[in-house]
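The sequence shown runs 75 to 1231 under this note's numbering.
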Amino acid sequence: MAAKAQQGGDNHPVAAFVARWKASGASERANFQPFLTELCGILGLEPPHGSTNDPTRDEYVFERSVTFHHPDGSNSTGRIDLYKRHCFVLEAKQGMAAEEPALFDLTPPGGAGGKRKTAAVRGTARWSDLMLRARGQAEAYAKALPTEEGWPPFLIVCDVGHCFELFADFSGTGKHYTQFPDANGFRIPIEALTDPAIRDRLRSVWSDPLALDPAHEKAKVTREVAAYLAELAKSLEAAGHAPASVARFLTRCLFTMFAQSVGLLPGEAVFTDLLKDMRGTPERFKPMAEDLWRAMDTGSFSPALRSDLRRFNGGLFASGAKGGIEALPVNGLQLGLLIDAAERDWSQVEPAIFGTLLERALDRDERGRLGAHFTPRAYVERLILPTVMEPIREQWEAAKGAAVQLATGGDLEKARAEIRAFHKRLCDLRILDPACGSGNFLYVTLEHMKRLEGEVIDLLRDLGEAQETLGGAGFSVDPHQFLGIELNPRAQAVAEMVLWIGYLQWHYRTHGKTAPAEPILRNFRNIECRDALLEYDSVEIVRDTNGQARSVWDGKTFKTHPVTGEKIPDDEARIEVTRYIKPTAAKWPEADYIVGNPPFVAGKDFRAEFGSGKAEALWAAYPDLPQAADIVMYWWHKAADLVARGKARRFGFITTNSMHQVFARRVVQAALAARRPVSIVFAIPDHPWVDGAGNAAVRIAMTVADAGKHDGRLLTVIEERAGRDGEVEVTLREQNGPILADLRIGADVASATPLLSNEALCSPGVKLHGAGFIVTPSQAETLGLGRTPGLEKFIRPYRNGRDLTSRPRGVMVIDLFGLDEDEVRRQFPGVYQHVRDHVKPERDENARETYRRYWWLYGEPRRELRKALAGLPRYIATVETAKHRAFQFLDAETLPDNRLICFALDDAYFLGVLSSAIHVRWALQAGGTLEDRPIYTKTTCFDPFPFPAATPAQQARIRQLAEEIDQHRRSRLAVSSELTLTGLYNVLEIERAGLPMTAKDRAIHEQGQVAILRALHDDLDAAVSDAYGWPAHLSEEETLTRLAALNRARSEAEMRGEVIWLRPEFQTSVVRKAKAAQLDLAAPEAKRQRSSWPAELSEQVLSVRRVLAAEAQPLNVADVAKRYQRAPKARIESTLATLAALGHARALGDGRFAALR
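Given below as structure tokens:
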């Protein structure tokens, strides 16, 4: 009860605590535990528990032990002063109040520096060094925590009896702890504990740290203000105002409200009061608003507010074409909505989501989705941090290390110069989002760079920089550094607004009530409104031979067919066909880092989405990209090229999670294998996302790439759970190593090359482009099947994926391949009329001229597949996208759908090899996925797959088992109409996993004789392994590694003319002699080259840190010196000491240092 009472307004116990502990001194080891225990008491918190010496149970204890795992396999132990799981790591120090001159002290804690020096004097450079090292220690301890405990959101550095410093990372990555809440408020003097708000903040750090994440409360405020704007926009458009005018008007209104909230207008509620004064006379609003905005534009006297105003400028309040600044007239209801919006606290809006919500509010088509989910900030940070902030922070740590060394040597002026130089470099960086939308990625990057700038200024202050010069450098991180390209002019304007609001928010957090320099807004023109991919001379309308403009169906408007009653394209709803003249790839502005979330449009949908003109222009401008690649890969390709050529340092994009599939993978593989390669240094192959439509089920991939050959961090989602604001929170598992083009670490399956031995045998089935071709058996009879001679060749059984995995539909298909239009009409008039009525209306509106001209034929009749199948009594098929990878025979008269992958092989030996675990593992890795279903892709799953060089006896054994499997499945499925192929393999999977079966599962197991099916597959797997000459139970990774090696060996043999044809009698007659591929032989490993010792001190720190990180064992000074030409050992020694002091390395006490990862 006493503890609870102290949470109220009575400050006497707090004041006594402050007075008692301010006088403390001596060693932190003697003081920190009673100090923190008593602190918990005055905050009404449970004190730390007693230690159990079992780290898994020590969730809230003093002296929590952690184990540091070093690259050479050795371990060392450290102790966290105070730890609370999922909350914080606290490192305690003890300064002293007596004033004496002192400099930085680089003695590593517990290192080889002999006795510790006396306590650091508070307010001196040495005390700043003490706190800096403590922060590094805390971060090192957080890194050493077991992975399953996760990263604590907070680091606390405590000078006992003097202050607390708070650093937070709400991203869950542990790589970006920044001052919390900002550079002004992160250091809490002990006297501030008398403030109830400060005590509440510390209670939350102890008990509910995630509640302090500012994004959550700001999201709520932002939704509220966006809702007012949407209602107002709807009302103004209903009054007859053009949407563009409404958007411009509301943008000015909202910035005026923001300016009021942050103090840029005179008076706390001056604009709100002005609006309230016009209640009853809303007609006065228009002239009064125009007067106010004119004064804001020029920085002059405003009669409306009766005050001189600051100059805003920047284009937002610029005069219109007639020299005036126009406001829209409002009625009483609209004025009321403006008043309601103005009464909100606009200083608390979250720019990271405000842009999205504002864009929806201003777009009548998007307005209905205002309440839908927005992309959570944590998702945006998950890409921005490794793309932009990690390399910048690496440079910052190097500059900081150089400054510490200089200060230790007594040269504080050079130390300050080192930090000033980094600050200037930080303010010169350019960040580009080439598909910036409403600017949320740019804003979040700006915020993180402003946080870092706060740390820079704080260190300058600690190094003795004069207070009057701290803010007068003449430069700072501001919106001109954040570049965007956006096609939508409304989104462009919103993006500019978002950056300025975010920048001004951070200005006031950093500088208090000091107003920014005028003009408040600057028109940097940093957000360009244009196409990010295409440049062209002009766009012209395509005309026919009579000079009439050609047009096509708009792709979305339908009407009812007068005969069939079916929905068909409305031939009166048309759009003009255009042609782009001299299309070329667009140029992007120069930037250091490129990051963003480009649009997703599959290559096959380009014509429908963009129109044929733009689709063809894109393909012409980017001839090296596969036409089937998603549009997002065009952004990826351009960014990779810029990074490879040194025009940008790093890039990161959100892409579809199909990025590891064949067409996207070709783009990535080309960049990884180029003469000037890039490497993927960070990737999440499959991550939940929220798209522009608020669909929380979207899946995406994240990739970050850098120039050269580097290992990367591969993060895999291992758990998903519902979070706040529609976010799906995830738990990630990290692997390190070379990341391959298919976003995987392991055997390089993606680099496997097609084999001649497999050529001309595999193809998807036919693609109808007209559902009217499909008929039932009774319809086929009506059309003449069984009565009209020869028609049986043109109406055939038809199977698609569901027919194979579930139960056959029993449908047939009209297949007029080989006949011209006149032949069809003369020989089969009933069929002709049916196709004309049911297929031609749709084909007439197709963008492809060949589809319109040959409307009675399939869009993709698969001529080469027909040649390969000719003369075979049966062939093998598998469903392109299916939960289980099963292969089966189909009779020759059955026509396969496009969703079936077909193999022109009738020998059951090949069915056996394809059905084996060895091939299925390869297919699962080499193919793609759709949601959670694997995709079998001909070019990656079959073409490069090396079949075994089996003996006749081995082939016979595999052939026998494959026939048994195929016959067993057919006979079991014939027993019951309830059984399906998917059902059989679902139960087989359950049995293999040893999971309990439901009653339904047991019934399938019994009827389908699944135990026999399992035994047959087990025997087949053993037989195929024997044919390869491999052990029967290889791991998946070992299997893939051996197959990749066998593919390389077969490719080399084929270049020597040694081809192991699968169907030699067919293939040798149709496969043209292939040109010898160029071998990409790996160069012999070069002798380790010694690097030049960097001239700049910060570069020396960065280089030594990278040397430590690259080695598998700890290094001493001599070891590090061997990596360089003529490196001074004394400098290396001080650099290693600096890295240890800052928490980037660990001194092992024997002269060696190990990197902390």
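Just so it is clear, CB atoms sit at the ideal spot from N, CA and C, and this is done for glycine as well.
Worksheet entry | Under 9 Å between C-beta atoms of V742 and L1114 | Within the sequence shown, the letter at position 668 stands for residue 742. Within the sequence shown, the letter at position 1040 stands for residue 1114. No; because the gap between Cβ atoms is not below 9 Å, this pair is not in contact.
Worksheet item: Among all the DSSP beta bridges, which residues are the ones paired with V761?
Response: In the sequence shown, the residue the question calls residue 761 occupies position 687. Before going on, a small fix: residue 761 reads as His here, not Val. Looking at the DSSP assignment, H761 forms a beta bridge with I774.
Worksheet item: Exposed or buried, which one is P220 when buried takes at least 16 other CB atoms within 10 Å?
Response: Your numbering for residue 220 matches position 146 in the sequence shown. P220 should be labelled exposed.
Worksheet item: Does the region 984–992 come within contact of the region 1089–1103, defined as at least 3 CB pairs closer than 8 Å?
Response: Result yes; three or more Cβ-Cβ pairs closer than 8 Å.
Fill in: Proximity to L457 [Cα-Cα], best of L1069, E954, G726 and V1084
Locating residue 457 in the sequence shown gives position 383, counting from the first residue. Checked all of L1069, E954, G726 and V1084; the closest Cα to L457 is G726.
Discussion item. Report the CB separation of S278 from A285 in whole angstroms; it is logged as a contact under 8 Å.
Written reply: Sequence index remark: in the sequence shown, residue 278 carries index 204 (1-based). Sequence index remark: in the sequence shown, residue 285 carries index 211 (1-based). Yes, they are in contact, since the Cβ atoms of S278 and A285 sit about 5 Å apart, within 8 Å.
Practice prompt. Less than 8 Å between the CB atoms is what I'm expecting for H908 and L835, so what's the real figure, rounded?
Written response: One-based indexing of the sequence shown puts residue 908 at position 834. One-based indexing of the sequence shown puts residue 835 at position 761. Wrong, their Cβ atoms sit about 34 Å apart, outside the cutoff.
Worksheet item: Would you call the CB atoms of N923 and W627 closer than 9 Å?
Response: Locating residue 923 in the sequence shown gives position 849, where the first residue counts as 1. Locating residue 627 in the sequence shown gives position 553, where the first residue counts as 1. A small fix is needed here, since residue 923 is Glu in this sequence, not Asn. No; because the gap between Cβ atoms is not below 9 Å, this pair is not in contact.
Practice prompt. Measure the C-alpha to C-alpha separation of A395 and S319 and round it to an integer number of angstroms.
Written response: Residue 395 sits at position 321 when you count from the first residue of the sequence shown. Residue 319 sits at position 245 when you count from the first residue of the sequence shown. Because the pLDDT at A395 is just 49, under 50, the model does not fix this residue reliably, and the value given afterwards should be weighed accordingly. One C-alpha to the other measures close to 13 Å.
Item to complete: Using beta-carbon positions only, say whether Q479 and S1208 come within less than 9 Å of one another.
Response: Taking the sequence shown and counting its residues from 1, the one referred to as residue 479 is at position 405. Taking the sequence shown and counting its residues from 1, the one referred to as residue 1208 is at position 1134. Taking 9 Å as the Cβ cut-off, Q479 and S1208 qualify as a contacting pair.
Practice prompt. Identify, in the order they occur along the chain, each residue of the same chain with its Cβ nearer than 7 Å to the Cβ of A1201, setting aside the five sequence neighbours on each side.
Written response: In the sequence shown, the residue the question calls residue 1201 occupies position 1127. Result list for A1201: W1167 and A1195, in chain order.
Worksheet item: Where does the unbroken beta strand (DSSP E) through N52 begin, and where does it stop?
Response: Any question about residue 52 goes unanswered here, given that the chain covers just 75 to 1231.
Worksheet entry | Top-ranked residue by Cα proximity to M1129, from P828, F1021, R583 and K294 | Within the sequence shown, numbered from 1, the residue matching residue 1129 stands at position 1055. Among P828, F1021, R583 and K294, the Cα nearest to that of M1129 belongs to P828.
Worksheet item: Which stretch, first to last residue, makes up the alpha helix (DSSP H) that contains F91?
Response: Taking the sequence shown and counting its residues from 1, one reaches residue 91 at position 17. Run containing F91: H86 to K96, per the alpha helix (DSSP H) assignment.
Worksheet entry | Nearest residue (CA-CA) to H497, options L516, L459, L544 and G484 | As a first step, residue 497 is located in the sequence shown; it is residue number 423 there, counting from the start. Of L516, L459, L544 and G484, the residue nearest in Cα terms is L544.
Practice prompt. Could you name the residues of the same chain whose beta carbon sits closer than 6 Å to that of T952, not counting the 5 residues immediately before and after it, in chain order?
Written response: Numbered from 1 along the sequence shown, position 878 holds the residue referred to as residue 952. F961, I975 and Y1010.
Discussion item. Please classify A93 as buried or exposed, where buried requires at least 16 neighbouring CB atoms within 10 angstroms.
Written reply: By one-based count along the sequence shown, residue 93 stands at place 19. Exposed, because fewer than 16 other Cβ atoms sit within 10 Å of the Cβ of A93.
Fill in: Presumed contact (8 Å Cβ cut-off) between S421 and Q579, rounded CB distance
In the sequence shown, counting from the first residue as 1, residue 421 sits at position 347. In the sequence shown, counting from the first residue as 1, residue 579 sits at position 505. With a Cβ gap of about 7 Å, S421 and Q579 count as contacting.
Fill in: P183 versus H236 - alpha carbon distance
Along the sequence shown, one-based indexing puts residue 183 at 109. Along the sequence shown, one-based indexing puts residue 236 at 162. Model confidence at P183 stands at a pLDDT of 47, short of 50, so the residue's coordinates are unreliable and nothing is read from them.
Discussion item. For P226, which residues in the same chain have their Cβ closer than 7 Å to its Cβ, ignoring the five residues on either side in sequence?
Written reply: The count along the sequence shown starts at 1 and reaches residue 226 at position 152. Counting only Cβ-Cβ distances below 7 Å, and skipping sequence neighbours, we find H160, C161, F162, V163 and A216.
Discussion item. So, for K1149: in the same chain, excluding its five sequence neighbours on each side, which residues have a beta-carbon less than 7 Å away from its beta-carbon?
Written reply: As a working note, residue 1149 is residue 1075 in the sequence shown. Unreliable positioning characterises K1149 in this predicted model, as indicated by a pLDDT of 37, which lies under 50. The coordinate reading is nonetheless provided below. Within the same chain, K1149 has no close Cβ partners at all.
Item to complete: Keeping to the same chain, check which residues put their C-beta closer than 6 Å to that of G629; ignore five residues upstream and five downstream.
Response: Translated into the one-based positions of the sequence shown, residue 629 becomes position 555. A682, listed in sequence order.
Practice prompt. Determine the DSSP secondary structure at Q853, reduced to helix, strand or coil.
Written response: Start at 1 with the first residue of the sequence shown, and residue 853 comes out as number 779. Helix.
Discussion item. Taking only three categories from DSSP, how would you classify L339?
Written reply: For this step, residue 339 is matched to residue 265 along the sequence shown. DSSP, read as helix, strand or coil, puts L339 in coil.
Discussion item. Can you tell me whether L890 is helix, strand or coil according to DSSP?
Written reply: For the purposes of this step, residue 890 is identified with residue 816 of the sequence shown, where counting begins at 1. L890: coil per DSSP, three-state reduction.
Fill in: Contained beta strand (DSSP E) runs [length at least 3] in the region 933–995, N- to C-terminal order
948–953, 961–965 and 974–977
Worksheet item: Which residues mark the beginning and the end of the alpha helix (DSSP H) in which P1026 is found?
Response: Along the sequence shown, one-based indexing puts residue 1026 at 952. It spans P1026 to V1049 - the alpha helix (DSSP H) in which P1026 sits, taken as one unbroken run.
Fill in: For Q479, the three-state DSSP class (helix, strand or coil)
What you label residue 479 is simply residue 405 of the sequence shown in a count that begins at 1. Helix, per DSSP.
Worksheet entry | Identity of the residues DSSP links to F725 by a beta bridge | Here residue 725 refers to the residue found at position 651 when the sequence shown is read from its first residue. F725 is bridged to I668 and A779.
Worksheet entry | According to DSSP, residues forming a beta bridge with M170 | Taking the sequence shown and counting its residues from 1, one reaches residue 170 at position 96. Beta-bridge pairing links M170 to V195.
Worksheet item: Hey, T730 and R773: beta-carbon distance below 9 Å or not?
Response: The sequence position of residue 730 within the sequence shown is 656, counting from 1. The sequence position of residue 773 within the sequence shown is 699, counting from 1. Less than 9 Å divides the Cβ of T730 from the Cβ of R773.
Practice prompt. Sort V840, I466 and A1192 by Cα distance to G933 and report the nearest one.
Written response: As a position in the sequence shown, residue 933 is number 859, starting the count at 1. Measuring from the Cα of G933, the nearest candidate turns out to be V840.
Worksheet item: Roughly how many angstroms lie between the CA atoms of P759 and L789, to the nearest whole one?
Response: Here the question's residue 759 lines up with position 685 in the sequence shown. Here the question's residue 789 lines up with position 715 in the sequence shown. In a straight line, the C-alpha of P759 is about 8 Å away from that of L789.
Discussion item. Check this for me: beta carbons of F428 and A540, under 9 Å apart or not?
Written reply: By one-based count along the sequence shown, residue 428 stands at place 354. By one-based count along the sequence shown, residue 540 stands at place 466. Contact: no.
Item to complete: Have a look at the DSSP bridge pairing and note the partners of Y582.
Response: Translated into positions along the sequence shown, residue 582 becomes position 508. According to DSSP, Y582 bridges with nothing at all.
Fill in: Sheet register partners of S421 (DSSP bridge)
By 1-based counting over the sequence shown, the position of residue 421 is 347. Beta-bridge partners of S421 (DSSP): none assigned.
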